[in-house]
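Reviewing the structure listed below.
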Amino acid sequence: MSSLFIVIPAYNESENIEQTIRDWYPIVESNNKEGKSRLVIINDGSKDNTLQLIKAQMKDHPLLIALDKPNGGHGSTVLYGYRYAIKNHADYIFQTDSDGQTNPAEFEQFWKKRNSFDAIIGNREVRGDGKSRKFVENTVCFLLRMIFHVKVPDANAPFRLMRTDLVNKYICRLPKNYNLPNIMFTTYFVYYKEKVTFLPITFKPRRAGTNSINLKKITKIGWQAIKDFHTLKKSM
Numbered sequence: 001m002s003s004l005f006i007v008i009p010a011y012n013e014s015e016n017i018e019q020t021i022r023d024w025y026p027i028v029e030s031n032n033k034e035g036k037s038r039l040v041i042i043n044d045g046s047k048d049n050t051l052q053l054i055k056a057q058m059k060d061h062p063l064l065i066a067l068d069k070p071n072g073g074h075g076s077t078v079l080y081g082y083r084y085a086i087k088n089h090a091d092y093i094f095q096t097d098s099d100g101q102t103n104p105a106e107f108e109q110f111w112k113k114r115n116s117f118d119a120i121i122g123n124r125e126v127r128g129d130g131k132s133r134k135f136v137e138n139t140v141c142f143l144l145r146m147i148f149h150v151k152v153p154d155a156n157a158p159f160r161l162m163r164t165d166l167v168n169k170y171i172c173r174l175p176k177n178y179n180l181p182n183i184m185f186t187t188y189f190v191y192y193k194e195k196v197t198f199l200p201i202t203f204k205p206r207r208a209g210t211n212s213i214n215l216k217k218i219t220k221i222g223w224q225a226i227k228d229f230h231t232l233k234k235s236m
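Okay, structure coming up:
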């Protein structure tokens, strides 16, 4: 059996984090035949009691790992979790978020295809988080076609199963705290013709709490992303 590390970043998710653990812990538990699978939640310097709530759950959830780091944003936190999984010899990494927008029941279809593909990425055909977010994703996919000449249906979905050795193959190409790692992993996988596929997933509105990314931040991230894309393309 293959070991599975589910990597989940969390920032000020006190309203969601306990349900997130209830949602995803059974997935790790059912894929832990060798005792090496883990649910890894990385607290990104939350200002609320997210970290304390995660630690309180560890007593009754022995496969739960709580990591804590200074606030650095979603991307750097995802990379932190990926490096932890690599260091601890996970066979597979599955990444999702802590806001309740993804459906654990859809994981099994990804897991069943793990022997056929090295990366399986979600495709959010319907976005429950609004038209503006869908517009941003469409813009990202357009930029990837223009700059990297890759065509993908969804570049940044927080629902992806990847072989750890594949993540390790490309993670060194990114700056340590790069803010859009999943977009670039998707790009690398397609550009270099890795065994990757996309499966439709549902994507619900945020369960509770407030999204820390607003339109002003999205615009700032977007301009920086274009610069970064051009820089990263030079090394490909």
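In terms of full-length UniProt numbering, the sequence shown is residues 1 to 236.
Here a beta-carbon is modelled for each residue, glycine too, at the ideal position from N, C-alpha and C.
When the five nearest sequence neighbours on each side are left out, the beta carbons in the same chain lying within less than 8 Å of the beta carbon of His149 are those of Tyr191, in order along the chain. If you look at Lys234, you'll find it isn't in any alpha helix (DSSP H); DSSP assigns it neither H nor E. Spatial neighbours of Ile42 in its own chain (CB-CB distance under 6 Å, excluding positions within 5 residues in sequence) are listed in chain order as Pro9, Leu67, Thr77, Tyr80 and Gly81. Fewer than three pairs of CB atoms, one per stretch, sit closer than 8 Å, so the segment 170-178 makes no contact with the segment 111-130. Judged by pairs of C-beta atoms under 8 Å, the segment 43-52 touches the segment 6-20, as three or more such pairs exist. Rounded to the nearest whole angstrom, the C-alpha separation of Pro175 and Pro181 is 9 Å. Counting only the Cα atoms, Asn177 lies some 25 Å from Phe135.
In its chain, beyond the 5 residues on either side, Tyr178, Asn179, Leu180 and Pro181 have a beta carbon closer than 6 Å to the beta carbon of Gly75. The count of Cβ pairs closer than 8 Å, one atom from the segment 200-207 and one from the segment 93-104, reaches three, so the stretches are in contact. If only complete runs of 4 or more residues are kept, the segment 100-188 shows the alpha helix (DSSP H) at 107-112, 131-148 and 164-171, in order along the chain.
In the displayed model, Ala225 falls within a helix according to three-state DSSP. Taking 8 Å as the upper bound for CB-CB distance, Ala90 and Ser30 are not in contact here, some 16 Å apart. DSSP, reduced to helix, strand and coil, places Tyr92 within a strand of the structure shown. Contact annotation, Trp111 with Leu161: C-beta distance approximately 7 Å; criterion of less than 8 Å satisfied.
Inside the segment 65-92, DSSP marks no whole beta strand (DSSP E) run of 3 or more residues.
For Pro26, the three-state secondary structure derived from DSSP is helix. Within the model, the alpha-carbon separation for Gln57 versus Val152 is close to 38 Å. Excluding the 5 residues flanking it on each side, Asp154 has same chain C-beta neighbours closer than 6 Å at Asn123 and Arg124, in chain order. Here Ile6 is not near Phe117, since their CB atoms are 7 Å or more apart. The beta carbon of Phe229 sits closer than 8 Å to the beta carbons of Leu143, Leu144, Ile147 and Phe148 from its chain, once the five residues preceding and following it are set aside; these are given in chain order.
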